[in-house]
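Have a look at the structure below, then the notes.
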RNA sequence: GCCUCGAUAGCUCAGCCUGGUAGAGCGAACGCCUCGUAAGCGUUAGGCCGCGGGAUCGAAUCCCGCUCGAGGCUCCA
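Numbering (this note's numbering), first residue to last: 1479 to 2097.
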């Protein structure tokens, strides 16, 4: 079958000079040089049989891909050498002219037809810069991004699965008791929502001096103040501990990769133009958008036996980078640079993969719970191919029944992604936006793609099935969820707060008068030695003011020291959770805090112990 | 990427419509008060009104362009 061939290059510039006529029917033009900057050059070979329908399709394809790379200047460059079944020159020229006329909202130029031209060209370094396609009458084929094409055609069937394993129509399901699930289902299936205010966590992240935008960087790259860094460190440590307990081995892989490395190219074709690119010494590098390929390339170099499986590799990626569309970045919900715990398990067969999948499901639930969320705080979605469902109903129904409430189901007629099964926990925020936290996938494709091998029982090499799990989701997103949850508490009349183990200050000591400072200092030191984050408000402010400041900082325990306490064993402790003042000895207080933070990591205070010594972070 | 909105003191914002000395609260510095569970009092310092251009005798204010940011759409491996 004949088809037009196109090689499309996104260029910094092209400069060409018509040298001499190549064929008799060449266009009559002035042989002048021309230079174009920031342009997409499409080398086009028109084949025998191409017609105006093909011209139209070709232009649609070109303009579509140019939209993706954000360029609207196009140079059509007749280039016979791409084909051996060329159309006649007159047909070719008329097809090219049709393409030029069609426009598609682009600024189009055309290099002269039929001339030998010398040219100088500089092609850009991003993965989508080079792109070839073949357009034929009747069908279309795109050699570099079939997957993308397929994605828009992919057929999904949406359902609700109840804990008894029954599937229900979304339209007929009674959401009365499952409002967040309804939001998620509508969000996913219909993509309908409309709000026009920033989500409440944005104010909170600033007020609590956790994080802020950094205008001197790129959008979606946040700065984290001491409080934010502390909270992130604690979450990171917690998730890592849990993954290591489960059996993960922590590794570290590079954050940038060569775009032209053979293992990268096929990955790119699925997910184009969504990464940061870095040029260095002629290499075109991109910043990783996940830990997958780092770990896959590592596993490829392992000599593995089936006896070594399942093998779990884990990395806390600080950072992963995704160049999300600017309009999609909001506070800490979605970032362009984020910290993703990413754990892969290589399994010898589907049986082992399923077993492992169950373990990781439990791990993820445990981690989410430790982070201060419970089943009521998120909605699960589970996605699978029809084939996988038919063969593995038991596994899917088991997961749903463990969650103990209905979940959203997406079923695909055919496998499009590299996985056959995926679930995720979604948090639905105050504005009805859903975002995924934990997730796990069964990947049946990348073992082969990356040439990862193990030797099976019969001494034959096999590709493992790979599970992709993040037990918590991005660390920044966990903070977003905790703050949104706090905002919800506030809105509904409860006191907002962070889990005690994550609070930058757990206890604050306030003297009634400066003369008690000495006593306060000794007390602060004593509590601090028990691995509790305690600070001292040594400013000469009124007690009322100090209490107020501590309350607006969400500090859980406030100890006021005056005449009475300095001469007695018991302390007056204001517990923010109840709002009441209670009397406890120091040891009793320490025990209470230890009990509530048991099993969770501890880090020392990340600011001066003295409130008067701290800069105000006004953002 | 498209659409909408925004940018004034360290922070949050008023002033802009209707052009004529740059405002408040918080925070900061200094001083007074010496205080018992959510804001004690006073004084002072602090501004290229995002950048560039235009019309005007005169611009924070009106017009044009740009940059940056936010929200929505789309997207979200």
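Glycine included, every Cβ here is placed at the ideal spot set by N, Cα and C.
A direct Cα-to-Cα measurement between residue 1703 and residue 1972 gives close to 27 Å. Distances from the CA of residue 1558 to each of 2094, 1983, 1571 were compared; the closest alpha carbon is that of 1571. Residue 1955 is positioned such that its CB atom lies closer than 8 Å to that of residue 1915. With the rule of 3 Cβ pairs closer than 8 Å, the segment 1918–1928 does not count as touching the segment 1798–1811. According to DSSP, residue pairing for residue 1799 in a beta bridge involves 1815.
For residue 1730, the secondary structure class from DSSP, reduced to helix, strand or coil, is coil. Of the candidates 1788, 1679, 1797, the residue whose Cα lies closest to the Cα of residue 1734 is 1797. Straight through space, the alpha carbons of residue 1712 and residue 1795 are spaced by roughly 15 Å.
The alpha helix (DSSP H) runs of length 4 or more contained entirely in the segment 1808–1889 are, from start to end of the chain, 1828–1848, 1864–1869, 1871–1881. When C-alpha distances from residue 2051 are compared across 2076, 2064, 2041, the shortest belongs to 2064. At a Cβ-Cβ threshold of 8 Å, residue 1967 and residue 1974 count as neighbours.
When C-alpha distances from residue 1862 are compared across 1965, 2028, 1528, 1877, the shortest belongs to 1877. Residue 1776 and residue 1729 do touch by the CB rule: their CB atoms are close to 6 Å apart, below 8 Å.
For residue 1836, the closest C-alpha among the options 1595, 1901, 1780, 1892 is that of 1901.
With distances taken between CA atoms, residue 1722 lies nearest to 1820 out of 1783, 2090, 1820, 2008. Taking residue 2084 as the centre and dropping the five residues before and after it, the same chain places the C-beta of 1704, 1708 closer than 6 Å to its C-beta, in chain order. With a cutoff of 8 Å on beta-carbon distance, residue 1592 and residue 1504 are scored as near each other. Around residue 1848, the same chain offers 1716, 1720, 2077, 2078 as residues with beta carbons nearer than 8 Å, after the five sequence neighbours per side are excluded. DSSP, reduced to helix, strand and coil, places residue 1594 within a strand of the structure shown. DSSP places residue 2013 inside the beta strand (DSSP E), whose first and last residues are 2012–2014. Just so you know, the alpha carbons of residue 2012 and residue 1726 end up roughly 34 Å apart. DSSP, read as helix, strand or coil, puts residue 1774 in helix. Residue 2055 and residue 1857 have their C-alpha atoms spaced approximately 27 Å apart. With fewer than 16 other beta carbons inside 10 angstroms of its own, residue 1645 counts as exposed. The alpha carbon of residue 1786 has as its nearest neighbour, out of 1942, 1864, 1739, 1757, the alpha carbon of 1942. Short of 6 Å from the beta carbon of residue 1511, and not among the five residues preceding or following it, lie these beta carbons of its own chain, in chain order: 1495.
For the pair residue 1780 and residue 1825, the Cα-to-Cα distance works out to about 14 Å. The Cβ neighbour count for residue 2003, taken over all protein chains shown within 10 Å, is under 16; the residue is labelled exposed. If you keep only unbroken beta strand (DSSP E) runs of at least 3 residues inside the segment 1892–1919, you get 1897–1906.
Around the C-beta of residue 2007, fewer than 16 other C-beta atoms lie within 10 Å, and the residue is accordingly described as exposed. Ranked by Cα distance from residue 1803, the options 1754, 1770, 1536, 1541 are led by 1754. Only residues of its own chain outside the window of five on either side were considered, and among them 1488, 1516, 1517, 1518 have a CB closer than 8 Å to the CB of residue 1549, listed in chain order. At a Cβ-Cβ threshold of 8 Å, residue 1576 and residue 1588 do not count as neighbours. Burial state of residue 2030 is exposed, judged by a 10 Å Cβ sphere holding fewer than 16 other Cβ atoms.
Relative to the Cα of residue 1596, the nearest Cα in the group 2001, 1499, 1541 belongs to 1499. A distance below 8 Å separates the beta carbons of residue 1800 and residue 1767.
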